[in-house]
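Here the structure is laid out as structure tokens; the discussion comes afterwards.
In our numbering, the protein residues as written are 1 to 103.
Here it is, written out as structure tokens:
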């Protein structure tokens with residue numbers, strides 16, 4: 001079994017400290033946490049009477065919507081790449097056939 005050393009990373013989200021463990025880049029964890037904190041603070045400023053759970057749910061909904069849109073965009077990009085790949089394959093096969101005919 002492979003073991004990976006995890007580092008503890010201290011972050012603050014919505015004025016609450018958290019210790020997260022990561023086997024990745026601690027600075028990346030800090031950047032992600034800062035992004036989440038910024039989003040939650042923005043939501044909190046727009047809904048000053050909301051509790052932290054409500055703010056967290058709204059932040060999750062926002063992030064889930066963003067992920068859904070990115071997945072949709074990625075799928076469209078993959079479809080375009082597949083179509084272009086097929087077009088290039090046909091063109092390459094035609095080119096190979098024409099070179100063989102000239103031989």
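For glycine and all other residues, C-beta sits at the position ideal for the given N, C-alpha and C.
Computed from a prediction, not measured in an experiment: that's the story for all the values here.
**Item:** Beta-bridge pairing of residue 20 - partner residues as DSSP gives them
**Value:** Taking the first residue of the chain shown as 1, we reach residue 20 at position 20. Paired residue(s): 9.
**Item:** Delimiting residues of the alpha helix (DSSP H) encompassing residue 4
**Value:** On the chain shown, residue 4 is found 4 positions in, with the first residue counted as 1. Element bounds for residue 4: n/a, residue is neither H nor E.
**Asked** Quick one: what's got a C-beta closer than 6 Å to residue 55's C-beta in the same chain, skipping five residues either side?
**Response** On the chain shown, position 55 is the one that residue 55 refers to. For residue 55, same chain residues with a beta-carbon under 6 Å away, outside a window of 5 residues either side, are 40, 43 and 44 in chain order.
**Cβ-based burial, residue 13 [other Cβ within 10 Å; buried from 16]** = Along the chain shown, read from residue 1 onward, the residue named residue 13 stands at position 13. Residue 13 counts as buried, since at least 16 other C-beta atoms from the protein chains shown sit within 10 angstroms of its C-beta.
**Prompt:** By how many angstroms is the C-alpha of residue 76 removed from the C-alpha of residue 96?
**Reply:** Within the chain shown, the letter at position 96 stands for residue 96. Within the chain shown, the letter at position 76 stands for residue 76. Going from the Cα of residue 96 to the Cα of residue 76 covers about 30 Å.
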